[in-house]
Amino acid sequence: MRSITAVLSLALIAAALLVTSTSALPKANVYTTATVRPGFGYTPAAEVAHRAAESASKLAARGARATYYDTEVGLGSCGLQSKNTQAVVAMNSAQYKQSDCGRCIVLTTDDNCVRHEATIVDRCPGCPSGGVDVVPGLFQQFASLDVGVISLKWAYCDSAPPAPKDLSHCAK
Numbered sequence: 027m028r029s030i031t032a033v034l035s036l037a038l039i040a041a042a043l044l045v046t047s048t049s050a051l052p053k054a055n056v057y058t059t060a061t062v063r064p065g066f067g068y069t070p071a072a073e074v075a076h077r078a079a080e081s082a083s084k085l086a087a088r089g090a091r092a093t094y095y096d097t098e099v100g101l102g103s104c105g106l107q108s109k110n111t112q113a114v115v116a117m118n119s120a121q122y123k124q125s126d127c128g129r130c131i132v133l134t135t136d137d138n139c140v141r142h143e144a145t146i147v148d149r150c151p152g153c154p155s156g157g158v159d160v161v162p163g164l165f166q167q168f169a170s171l172d173v174g175v176i177s178l179k180w181a182y183c184d185s186a187p188p189a190p191k192d193l194s195h196c197a198k
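Note that the sequence shown ends on residue 198 in the numbering used here; no numbers are left out.
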């Protein structure tokens, strides 16, 4: 009995030292998608986190961080079942309001060359303020799924600026 108590005491001391030594380390901004489903075309969460940390300052300077997630795993926070081919999004927790369920937003690239409307159907607890999670089908309208994290601007449809008339700066 005495040896079990000694082992447990040593384990607790080791755990306390580990927590103390790692709490002094700087915290990294790590973002991941809500659901990673291997074989569905998603990049591994570690790769997404690496890409997000690597480009966090670039994304913050331009627009909101956008990732993609699998909406078909169950009901979203709005209580709606959605498909990955629909134009739907999960709003970041800081800006999510239950009353926004079903509300339309306009997503655009920073240069306004790509523009799509989507409907809020879920909350994204892992998204930073301003960020959104979009379904794979919608994400692919902006970038390859391999990219994992992109910068987009968004606004509610009823207050979004009109689409620019001159798109000559956009690549064909």
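Positions of the beta carbon are idealized from the N, C-alpha and C atoms, including for glycine.
No experiment lies behind these values; they were computed from the predicted model shown.
Using the Cα positions of SER103 and CYS130, report the straight-line distance between them to the nearest angstrom.
SER103 and CYS130: Cα-Cα distance of roughly 16 Å.
Going by beta carbon distance, what residues of the same chain come within less than 7 Å of ALA186, once the five residues before and after it are set aside?
Here the set comprises VAL132.
Is the Cβ-Cβ distance between ASN110 and VAL175 less than 7 Å?
No, the pair does not count as a contact, with Cβ atoms beyond the cut-off.
Between ASN118 and the rest of its own chain, which residues show a CB-CB distance below 7 Å, the 5 nearest in sequence each way excluded?
Excluding sequence neighbours, ASN118 sits near CYS150, CYS153, PRO154, SER155, GLY156, GLY157, VAL158.
Buried or exposed for LYS179, going by 16 or more other Cβ atoms inside 10 Å?
By the neighbour-count rule (16 or more Cβ atoms within 10 Å), LYS179 is buried.
Which residues does DSSP pair with ARG5 in a beta bridge?
Residue 5 cannot be examined here, being either before or after the span of the chain that is shown, 27 to 198.
Just to confirm my understanding: we take ALA113, look at its own chain, exclude 5 residues before and 5 after, and list those with CB closer than 7 Å. What are they?
Only HIS142, GLU143, ALA144, THR145, LEU164 meet the Cβ criterion.
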